[in-house]
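Read in my numbering, the sequence shown has 133 at position 133, and its numbers run on one by one without any break.
These notes are about the structure you will find just below.
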Amino acid sequence: MKNRPILISIIAITQAVIASVFILYNQFVWTFHLTAFLMNISLLTLILLASFGLWKAKQWGWWLTNIYYIQVLFNTVISTINYLYIVPRQFEGIEVDISNMLSPVMILTIIIGLFIPFYLFRKTTLHYFNINNDKTKLILITIIAFIWSFSTSFLLFN
1 MKNRPILISI IAITQAVIAS VFILYNQFVW TFHLTAFLMN ISLLTLILLA
51 SFGLWKAKQW GWWLTNIYYI QVLFNTVIST INYLYIVPRQ FEGIEVDISN
101 MLSPVMILTI IIGLFIPFYL FRKTTLHYFN INNDKTKLIL ITIIAFIWSF
151 STSFLLFN
């Protein structure tokens, strides 16, 4: 049995705890649209599966985690661009406070969205998951995450 890298343990546990808390929270909050509720529950379930896959050193857990964090990175950038450039144009003449868009949370989200996939593509991490070091995987993951981000952003902002 291979020794699990400590950072894989931290990522898996953190993902699972955060997803579980949000799932429990969403069970009691029905203030938003049913479609948004179902999207949130689906996404959080996917995160729980990714956490389990990371914990058990499954390749599919590696894939799900990469796709999720690159998607988070794209969504954060798309949301920031939307609020900085599109929202003010829609409300011309009305003062719109966009100062919170570049908050420490947004910056931290971008850093995490860059760091975790970078870490998961390290040779030692790839070896732990029995994955060949192939750049086409990064390209494929990036394309999937970008399409996912674009489609969810389109749903949320239109």
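Beta carbons: idealized from backbone N, C-alpha and C, even for Gly.
No experiment lies behind these values; they were computed from the predicted model shown.
- [ ] Taking all protein chains shown into account, decide if F74 is buried (16 or more other Cβ within 10 angstroms of its Cβ) or exposed.
- [x] buried
TODO: Pick helix, strand or coil for N133, following the three-state DSSP scheme.
DONE: Correct three-state label for N133: coil.
Open item on the list: Could you tell me the alpha carbon to alpha carbon distance between I147 and Q71, rounded to whole angstroms?
Closed with: 9 Å
Open item on the list: Applying the 10 Å Cβ sphere with the 16-neighbour rule, what's the burial state of L120?
Closed with: The Cβ neighbour count for L120, taken over all protein chains shown within 10 Å, is at least 16; the residue is labelled buried.
Task: Proximal residues to K2 (C-beta, below 8 Å), its chain only, five neighbours per side dropped - done: A57, Y128
Task: Simplified DSSP assignment, three categories, for A57 - done: coil
Open item on the list: Using CA atoms only, rank isn't needed, just tell me which of V105, G61, P104, I81 is closest to I141.
Closed with: G61
TODO: Return the CA-CA distance between I67 and L48, expressed in angstroms with no decimal places.
DONE: 14 Å
Task: Host alpha helix (DSSP H) of Y119 (start-end) - done: 104–120
Task: Span of the alpha helix (DSSP H), counted from its first residue to its last, around Y128 - done: 123–128
TODO: Can you say whether L108 is buried or exposed, counting buried as having 16 or more other CB atoms within 10 angstroms of its CB?
DONE: Residue environment for L108: exposed (fewer than 16 other C-beta atoms within 10 angstroms of its C-beta).
Open item on the list: Closest to A12 by C-alpha separation, out of A36, H33, G53, S79, would be which residue?
Closed with: G53
Task: Cβ neighbours of K123 in the same chain (closer than 7 Å, five flanking residues each side left out) - done: N133
TODO: Go through its chain and collect everything with a Cβ distance to I18's Cβ below 8 Å, but skip five positions before and after it.
DONE: I47
Task: Q59 versus I112, I131, S42, I10, residue with shortest Cα-Cα distance - done: Nearest of I112, I131, S42, I10 to Q59, Cα basis: I131.
- [ ] Pick helix, strand or coil for N3, following the three-state DSSP scheme.
- [x] DSSP places N3 in coil when its eight states are reduced to three.
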